[in-house]
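Worksheet for the structure shown next.
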Amino acid sequence: MNVLKLILQHRRLSAGLAIAVVTAALLQVTNTNPAVSQTLALTAYEAPSDPGVDPEAGIWKDISGVNVPLSAQAGSYVAGGSVKMVKAQALHFDGKLFVRVSWADATDDSSTTKVQDFADAVALEFPQSATAAVPSICMGQADSAVNIWQWRADSNNGVRDPNVAYTNALVDMYPSTEALFYTARAANNPFAQLDRGAVQSLYSKAFGELHTLDFQEVQGLGTRTGDGWAVVFERKFDTGRAGHALFAPSTNMDMAFAVWDGSQDERNGKKAVSQFVNLSIAAAPAVTGGGDQTRTIIFAAGLGIGLVLIGGGLAIYGYRENGD
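Going by the working numbering, the sequence shown opens with residue 4, and the numbers climb by one from there.
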């Protein structure tokens, strides 16, 4: 009888330990941290063809993504934060990285012809060097700079003919189409340049140090959706230019998000921001038809916690039985 009891106790203990080992392996394989403060992970798989910068391309409807929570910009006072969540998706193809960001925004703030108007916008932030320590998400730091890609809804419309943009203005004619007569363009204001497109690539290593990079390699396009905006960014892995973030297959990179809602007078530091998300550029092909990775993470975390509790309970029970 005692021998049978010892066998049962041993089996309970072994089962508990086995479940704990399996749980640990599961969390390791899925890169899941069951802690509340876990870092979100976004995987960029290889696309079967060039997705381009069209936010409505079919591939984006077929791949998974992560929902990234946002909060108001932290500083001497709370500023911005009207947008609470963005959905992020990523792909790569032929040495280029594609990131799609979408969020809910009831107002279309894509015209800034009045001084009181501000544009909807979204930005991605990467450490300028993936090997450096993670910089402050607030514009980087002296020993760890950041590369920022910012899309603006007004730039998405392009530089328009003044006669079209200012319909209530009355002029006989503009004297010339040369840049000299367009003062913002002549002063190299990036928002007035005809060939810059909707995205700016920026560089910063501290507050007050943000500036536009000389070479603009990032392409992007945004479109209105049923409930807000969807924007796609595209850039080569390696531009060969100083200040540009460097990407490569089978590597990881930190990435943060910022969103501005123009109708809420958000601009500059008044915005919604995220913590860093881990961007993994996988060599594997994209698997279509998946749900949001957030649901996968939550499920895996819940399963892992459940197995830990069950395994730990069995192990403790077996230990107590054995002690008795």
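By construction, the Cβ of each residue, glycine as well, lies at the ideal position given by its N, Cα and C atoms.
These numbers come from a predicted model, not from an experiment.
Residue i - DSSP class collapsed to helix/strand/coil
i    : result
K64  : helix
L224 : strand
G321 : Confidence at G321 is low in this model, with a pLDDT of 47, below 50, so the placement of that residue should be treated as unreliable; the coordinate-derived value is given next. DSSP places G321 in helix when its eight states are reduced to three.
D105 : At residue 105 the sequence reads Ser, which differs from the Asp that was named. If DSSP states are grouped into helix, strand and coil, S105 belongs with the strands.
A145 : coil
A77  : coil
A82  : strand
G265 : helix
A289 : coil
A190 : coil
A245 : coil
In DSSP terms, what residue i is bridged to
i    : result
L100 : H95, R238
V71  : V89
T254 : I284
S139 : None, per the DSSP bridge assignment.
F129 : N150
T46  : S283
F260 : L127
L205 : I151, T215
G231 : A107
Buried versus exposed, by CB contacts within 10 Å (16 or more), residue i
i    : result
N159 : buried
L100 : buried
K273 : buried
T115 : buried
G225 : buried
Q153 : buried
T46  : buried
L183 : exposed
Through-space distance from residue j to residue i, alpha-carbon basis
i    : j    : result
R155 : T242 : 22 Å
R227 : D146 : 38 Å
R188 : A261 : 27 Å
H214 : P130 : 15 Å
S52  : D264 : 33 Å
L127 : S283 : 15 Å
S207 : V149 : 5 Å
G98  : V71  : 26 Å
V234 : V125 : 8 Å
T254 : N192 : 35 Å
G84  : Q76  : 7 Å
F240 : L249 : 6 Å
A91  : V69  : 5 Å
N281 : A289 : 18 Å
R199 : H247 : 16 Å
Closer than 8 Å to chain B by CB, residue i
i    : result
K274 : The structure shown has no chain B; it contains just one protein chain.
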